[in-house]
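Some notes on the structure that comes next.
In full-length UniProt numbering, the protein residues as written are 1 to 314.
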């Protein structure tokens, strides 16, 4: 049978055609970019390009770089929580809406990872609050919710509420100031700057001072016995001291990079633990402090350093 190759009749046309195909295949396997084939691009690149955050394209740096809508939403949670506090909402029941939200959002994430069309619709709807890495990754809100579930499940009312304030306000301040002025100061850890830590500390001090100095005494009727762990009557620390330590807790919680976990999780967890330790360790009537003090008094009595019958006044 006679075939044509390049317009010329040839009896070995089939062989030449096969050789050309084999040669083209060899070039593609060896990464020859002249082949013009788009299949040589990594699959993950193709996957990342199939969905885009339109809001990031429309509003540019307003969303993509400065993340203004995300930060506004982030900060608003603190003000909503403060309002709910003044309305005498039972803080022990707060964890349940958080758990329900975690399950719902987590389920939506699992669904959109497996259904591209739904993921496109999801990103188009709430993309204004998302980062590009969340297109094919878990929503940062999940870490936010998980951290708050931990705080509201295991700590007192004031510690849980303040940890939420620090996450909502100190973290936002640290991110905003750190991005704008962080290049002027040394790095603390990873991408954390001294400027951001100072902002977190300042907001933490103001937050603790305002909450303990105004809201707790002014709305005393919304707090049941034992719900507020710190008070000037039961603590060795006064308002200024606990506020300063609260600022330090905010800066440490925001600045520590714990196993590269999302700071929406680590900030409320670490701030709850740190603040709880500070409050417990400074309590006048804490059983362990009382016992240690009495042991010291007994030892002093045995050495005749203090009169017999002296007891701890803590």
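Every residue gets a Cβ at the ideal spot worked out from N, C-alpha and C, and that includes glycine.
Buried or exposed: where does residue 137 fall if 16 or more other Cβ atoms within 10 Å of its Cβ makes it buried?
exposed
State the CB to CB distance for the pair residue 249 and residue 271, rounded to an integer number of angstroms; the pair is presumed to be in contact (CB under 8 Å).
5 Å
Assuming contact is defined by CB atoms lying nearer than 8 Å, are residue 201 and residue 146 in contact in what I supplied?
no
What number of angstroms, rounded off, separates the C-alpha of residue 221 from the C-alpha of residue 125?
41 Å
Measure the Cβ-Cβ separation of residue 148 and residue 268 and say whether it is below 8 Å.
yes
Anticipated Cβ contact below 8 Å, residue 163 with residue 151, distance rounded:
Confirmed, about 5 Å.
Taking residue 198 as the reference, give the member of 223, 171 and 115 with the closest Cα.
For residue 198, the nearest C-alpha among the options comes from 171.
Under the three-state DSSP convention, the category residue 87 falls into
Here residue 87 carries a coil assignment [DSSP, helix/strand/coil].
Do you know how far the Cα of residue 279 is from the Cα of residue 70?
32 Å
According to DSSP, is residue 135 helix, strand or coil?
coil
Round the Cβ separation of residue 168 and residue 105 to the nearest angstrom and send it over; I've been treating them as touching at under 8 Å.
Going by Cβ atoms, the distance from residue 168 to residue 105 rounds to 18 Å, so no, they are not a contact pair.
Going by beta-carbon coordinates alone, are residue 143 and residue 265 separated by less than 8 Å?
yes
What do you reckon, are the CB atoms on residue 257 and residue 190 nearer than 8 Å?
yes
Considering only DSSP beta bridges, list what residue 283 is partnered with.
235
Counted within 10 angstroms of its Cβ, other Cβ atoms place residue 87 as buried (16 or more) or exposed
exposed
Under 8 Å between the Cβ atoms of residue 205 and residue 255?
no
By a C-beta neighbour count over all protein chains shown, 10 Å radius and 16 as the cutoff for buried, is residue 275 buried or exposed?
It is buried - the Cβ of residue 275 has at least 16 other Cβ atoms within 10 Å.
Taking just the CA atoms, how far does residue 118 sit from residue 246?
One Cα belongs to residue 246, the other to residue 118, and the distance between them is close to 43 Å.
Considering just the uninterrupted stretch of the beta strand (DSSP E) at residue 188, what are its terminal residues?
187-189
Burial state of residue 183 (16 or more Cβ within 10 Å)
exposed
Residue 193 (DSSP reduced to helix, strand or coil):
strand
Taking the alpha-carbon positions, what's the residue 161 to residue 303 distance?
47 Å
Helix, strand or coil for residue 155? Go by DSSP, reduced to three states.
The answer is coil: DSSP assigns residue 155 none of H, G, I, E or B.
My assumption, with CB atoms under 8 Å, is that residue 227 sits in contact with residue 157. Please give the rounded CB distance.
4 Å
In whole angstroms, what separates the C-alpha of residue 359 from that of residue 298?
The question about residue 359 has no answer here: the residues shown for the chain are numbered 1 through 314.
Nearest-angstrom Cα separation, counted from residue 242 out to residue 107
40 Å
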